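K.L.:
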Amino acid sequence: MTAAERAATTRTTAARTTTDRDTAGPSAVRSVEPSAAPVLTAADLTAADLIADPGAHRVLTGDRPTGPLHLGHYFGTLQNRVRLQDQGVEMFVLVADYQVITDRDLADRLAEHTENLVLDYLAAGLDPERATIFAHSAVPALNQLLLPFLSLVSVAELSRNPTVKDEIAHSSQAAVNGLMFTYPVHQAADILFCKADLVPVGQDQLPHLEVARTVARRFNERYPHADGSAVFPRPRALLSEAPMLLGTDGGKMSKSRGNAVALGADEDETARIIRGARTDADRRITYDPTGRPGVSGLVLLAALCQDRAPETIAEEIGDGGAAVLKRTVIESVNEYFRPLRVRRAELATDRGHLRQVLRAGAERANAIADATLAEVREVMGAI
Ligand code: ATP
Ligand code: MG
């Protein structure tokens with residue numbers, strides 16, 4: 348299968364995962380596109396409208412400062428962010444620091460994790476001259492949007508959210524806190540404050556994107572401008588060819604689950620972690636993500652690093668078994684990430700620069716958030 352075909356398969360899967368329940372009804376406002384697909388894939392990145400008019404789009408994505416970014420982030424969203432930035436699409440990248448305390452009691456080593464996120468972004472190719480990089484706690488007007496937005500969703504809708512349920516299951520807290528339940532609505536504020544229409548995310552975020560789309564639609568219906576136009580676009584998710592890269596335990600690779608290879612890991616550490624990955628007893632290597640998730644996750648990782656089809660990699664390894672597979676993955680990862688890691692080490696020597704990137708980003712994000720909040724207050728009758 349070629350990269351384009353793989354992306355098409357992903358698109359089918361994604362379309363099944365997300366339903367466009369809230370396709371705009373009779374009261375829809377003019378500037379909302381009712382038929383726009385809620386999920387785009389890597390193949391759509393080369394879509395005519397993006398190339399022809401990158402200025403018509405705005406991207407927002409973000410990560411929680413809970414630890415170093417890993418290969419799942421890179422192939423799940425970071426690579427797409429850099430591609431979009433390089434195509435000339437306006438880019439906002441948010442450090443979701445408030446969201447750290449959704450599933451843990453303390454925001455442990457927050458400043459350090461935040462700076463390291465910026466380090467990973469810059470090493471991966473995000474350019475602070477073209478991308479606005481900021482922490483959402485530094486943007487008060489963004490957070491104020493949470494209040495009107497919360498009035499637009501029911502408690503039942505919040506408690507049904509599958510990603511919230513999954514995160515609760517992995518939480519270290521004894522009790523679920525209120526911020527955990529309102530987290531998808533906070534994320535809607537993150538996306539909508541800058542009126543982003545494209546959100547490069549991993550598969551686990553699709554239910555949250557649905558919430559953001561619902562909030563945008565309901566807000567636009569309830570509070571249109573005097574001329575009937577809408578305040579917010581309806582954002583669409585952008586999935587990569589690896590919308591859920593698996594970790595060494597066969598579950599979603601996650602910062603907080605001890606199953607990840609960090610972007611900044613050194614070559615020996617990378618080798619050690621991949622050698623410990625869970626595989627199975629079948630010596631013949633095949634690519635079968637449903638039947639053999641552990642083996643297939645490793646095959647996919649090598650394929651992404653080599654920019655080749657996973658089926659070809661699996662065939663080449665054939666009867667070589669897990670040992671050859673792991674050796675291939677280790678070499679592919681270390682080779683692919685070598686330049687990024689060199690850049691990362693260079694950038695790490697200037698922590699002041701990382702903080703300056705955040706300050707400049709916050710200044711720009713605040714100007715935009717203030718304008719959006721003023722517009723929101725106006726259509727709501729200056730609450
Ligand atoms: P945590 O364990 O603290 O929740 P995380 O590894 O899940 O960390 P997040 O900061 O929650 O990372 O996610 C940031 C972005 O990266 C989201 O868009 C998410 O969908 C994406 N992402 C995270 N893990 C993966 C993965 N394994 N594969 C693809 N995308 C991923
Ligand atoms: Mg997460």
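FYI, in the working numbering the residues of the sequence shown are 348 to 730.
Where a beta carbon is used, it is the ideal one built from N, C-alpha and C, also for glycine.
Model, not experiment: these values are computed from the prediction.
With the cut-off set at 8 Å, would you say L672 and L645 are in Cβ contact?
P.N.:
Counting from one through the sequence shown, the residue named residue 672 turns up at place 325. Counting from one through the sequence shown, the residue named residue 645 turns up at place 298. In this structure, L645 lies closer than 8 Å to L672 by Cβ.
K.L.:
By how many angstroms is the C-alpha of T461 removed from the C-alpha of P495?
P.N.:
The residue you call residue 495 lines up with position 148 of the sequence shown. The residue you call residue 461 lines up with position 114 of the sequence shown. The alpha-carbon atoms of P495 and T461 are separated by roughly 28 Å.
K.L.:
I'd like the list of long-range same chain contacts for K599, defined as Cβ closer than 6 Å, with 5 residues on each side in sequence excluded.
P.N.:
For this step, residue 599 is matched to residue 252 along the sequence shown. Here the set comprises M591.
K.L.:
Taking the beta strand (DSSP E) that V442 falls in, what are its first and last residues?
P.N.:
Position 95 of the sequence shown holds residue 442. Looking at the DSSP string, the run of the beta strand (DSSP E) that includes V442 is 437-442.
K.L.:
Can you tell me whether F540 is helix, strand or coil according to DSSP?
P.N.:
Counted from its first residue, the sequence shown places residue 540 at position 193. In this structure, F540 counts as coil in the three-state DSSP scheme.
K.L.:
If contacts are defined as beta-carbon pairs under 8 Å, then F540 and T719 qualify, I think. What distance do you get, rounded to the angstrom?
P.N.:
Taking the sequence shown and counting its residues from 1, one reaches residue 540 at position 193. Taking the sequence shown and counting its residues from 1, one reaches residue 719 at position 372. Confirmed, Cβ separation roughly 5 Å.
K.L.:
Taking the continuous alpha helix (DSSP H) assigned at V704, which residues delimit it?
P.N.:
The residue given as residue 704 occupies position 357 in the sequence shown. 698-726 is the span of the alpha helix (DSSP H), which, as asked, contains V704.
K.L.:
Scan the region 528-600 and note each continuous alpha helix (DSSP H) run of 4 residues or more that stays entirely inside, going in chain order.
P.N.:
Within the region 528-600, the complete alpha helix (DSSP H) runs of at least 4 residues are 553-569.
K.L.:
Can you tell me the Cα-Cα spacing of H417 and N463, whole angstroms?
P.N.:
By 1-based counting over the sequence shown, the position of residue 417 is 70. By 1-based counting over the sequence shown, the position of residue 463 is 116. Taking the straight line joining both Cα atoms gives about 12 Å.
K.L.:
Grab the span of the beta strand (DSSP E) containing T479 for me, first residue to last.
P.N.:
Within the sequence shown, numbered from 1, the residue matching residue 479 stands at position 132. Looking at the DSSP string, the run of the beta strand (DSSP E) that includes T479 is 478-482.
K.L.:
If you run the structure through DSSP and keep just helix, strand and coil, what is D655?
P.N.:
Here residue 655 refers to the residue found at position 308 of the sequence shown. The residue asked about is misnamed: residue 655 is Arg in this sequence, not Asp. Of the three classes helix, strand and coil, the one that applies to R655 here is coil, per DSSP.
K.L.:
Mapping DSSP to helix, strand and coil, what is A729?
P.N.:
To locate residue 729, count along the sequence shown from 1; it is residue 382. Three-state DSSP puts A729 in coil, outside helix and strand.
K.L.:
Does the distance between the C-beta of K512 and the nearest non-hydrogen atom of ligand 3 fall short of 7 Å?
P.N.:
Here the bound small molecules are ligand 1 and ligand 2; ligand 3 is not part of this structure.
K.L.:
Where does the unbroken alpha helix (DSSP H) through L407 begin, and where does it stop?
P.N.:
One-based indexing of the sequence shown puts residue 407 at position 60. First-last for L407: 405-410, but that is the beta strand (DSSP E), not the alpha helix (DSSP H).
K.L.:
What would DSSP say about S382, mapped onto helix, strand or coil?
P.N.:
Here residue 382 refers to the residue found at position 35 of the sequence shown. Model confidence at S382 stands at a pLDDT of 40, short of 50, so the residue's coordinates are unreliable; what they give is reported in the following sentence. The answer is coil: DSSP assigns S382 none of H, G, I, E or B.
K.L.:
As a quick exercise: from I538, T510, N567, pick the residue whose alpha carbon is nearest that of A559.
P.N.:
The residue labelled residue 559 in the question sits at position 212 within the sequence shown. When only C-alpha atoms are compared, the closest one is I538.
K.L.:
Going by the DSSP bridge assignment, what does P609 pair with across the sheet?
P.N.:
Position 262 of the sequence shown, counting from 1, holds the residue named residue 609. Pro is not the amino acid found at residue 609; the sequence shown has Ala there. H417, per the DSSP bridge assignment.
K.L.:
Output the distance between the C-alpha atoms of R368 and V436, rounded to the nearest integer angstrom.
P.N.:
Here residue 368 is taken as the residue at index 21 of the sequence shown, counted from 1. Here residue 436 is taken as the residue at index 89 of the sequence shown, counted from 1. Only weak support exists for where R368 lies, its pLDDT of 32 falling under 50; the value from the coordinates is given anyway. R368 and V436: Cα-Cα distance of roughly 28 Å.
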